[in-house]
Amino acid sequence: MEQCQSEREEKKRRQYPSIWSRRLKELRERNNLSQADVAKVLHCSQVAYGMYELGKRKLPIERLIMLAEFYHVSLDSLTGLSRE
Numbered sequence: 408m409e410q411c412q413s414e415r416e417e418k419k420r421r422q423y424p425s426i427w428s429r430r431l432k433e434l435r436e437r438n439n440l441s442q443a444d445v446a447k448v449l450h451c452s453q454v455a456y457g458m459y460e461l462g463k464r465k466l467p468i469e470r471l472i473m474l475a476e477f478y479h480v481s482l483d484s485l486t487g488l489s490r491e
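Under my numbering, think of the first position of the sequence shown as 408, with each following residue one higher.
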């Protein structure tokens, strides 16, 4: 029983990057922004931002907070823990 729960929790943790990377793209497109526009907000390159959006690079919490404030959404919504 504990192993099953542990496996479910691990699977959920592995899904988080794909959830928040999908949310990043949704929010950017909904606001008619380019990757370069959002990269400027985060003070990073367009390539780095693109890697966040693809889920190929971990997004530091500081940048998650910046994005949540920029888009006026909660961190839960941005990370996919809830849907606003």
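Idealized CB from N, CA, C, for every residue including glycine.
Beta-carbon gap between residue i and residue j smaller than 8 Å
| i | j | result |
| --- | --- | --- |
| K432 | E469 | no |
| R435 | V445 | yes |
Classification of residue i by the beta-carbon crowding that lies within 10 angstroms, buried from 16 upward
| i | result |
| --- | --- |
| L488 | exposed |
| R430 | buried |
| S428 | buried |
Whole-angstrom C-beta distance between residue j and residue i, which should lie under 8 Å
| i | j | result |
| --- | --- | --- |
| R464 | M458 | 4 Å |
| L471 | L482 | 6 Å |
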